[in-house]
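Quick note, the sequence shown lines up with residues 76 to 206 if you use this note's numbering.
For reference, the structure is listed below as structure tokens.
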Amino acid sequence: FQREEIEILRNERPNAVVAVHPECMPDVQQIADFIGSTSQMCRFAKNSDAKEMIIATEVGLLHRLKKENPEKTFLPAYSDAVCPNMKLNTLERLYLALKNEEYAVTVPVAVAKKAREALEKMFTLLSRQIL
76 FQREEIEILR NERPNAVVAV HPECMPDVQQ IADFIGSTSQ MCRFAKNSDA KEMIIATEVG
136 LLHRLKKENP EKTFLPAYSD AVCPNMKLNT LERLYLALKN EEYAVTVPVA VAKKAREALE
196 KMFTLLSRQI L
């Protein structure tokens with residue numbers, strides 16, 4: 076997601092709030108009204124008084140948000156934000172992978188460090204919301 080594109084959307088929709096995923100770049104997070112995981116975004120959308128929201132995460136979430144909040148308008152920060160790998164997942168495949176302990180992922184240490192930081196940040200945000 077590009078900060079400039081979100082700012083353009085925000086200028087076009089001045090009443091819209093911006094919700095972004097913690098994996099977004101820091102410059103995008105700086106202009107967000109809310110930063111949270113997909114489940115946190117769903118709760119935020121439900122509980123917010125805002126009638127319009129710009130959402131910076133995988134566009135598949137917008138379908139759920141619209142279904143759960145038909146009275147609100149959700150705009151993608153980027154309409155082509157599709158994660159092709161996530162579209163391959165099914166409950167059956169997840170079940171089999173866990174049951175058979177398959178598909179171990181090995182990544183370079185530098186990548187693992189950044190991934191751990193992102194996950195820890197998500198868990199920190201989640202714990203703040205729960206408490």
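Where is the CB? At the ideal position from N, CA and C, for every residue including glycine.
With a threshold of 8 angstroms, are at least 3 pairs of Cβ atoms found where one atom belongs to the stretch 121-137 and the other to the stretch 102-113?
Flag = yes, the stretch 121-137 and the stretch 102-113 touch.
Endpoints, alpha helix (DSSP H) assigned at leucine 140:
135-143
Contact under 8 angstroms by Cβ, alanine 156 with isoleucine 129:
no
Can you give me the C-alpha to C-alpha distance between arginine 168 and glutamate 127, rounded to a whole angstrom?
35 angstroms
By Cβ distance below 7 angstroms, which residues in the same chain neighbour glutamate 82 in space, the five residues on each side in sequence not counted?
Ile106
Alpha-carbon spacing of cysteine 117 relative to aspartate 108, whole angstroms
14 angstroms
Could you have a look at proline 89 and say whether DSSP puts it in helix, strand or coil?
coil
Could you check whether valine 103 and arginine 85 sit closer than 8 angstroms to each other, using their CB atoms as the reference points?
Going by C-beta atoms, arginine 85 is not nearer than 8 angstroms to valine 103.
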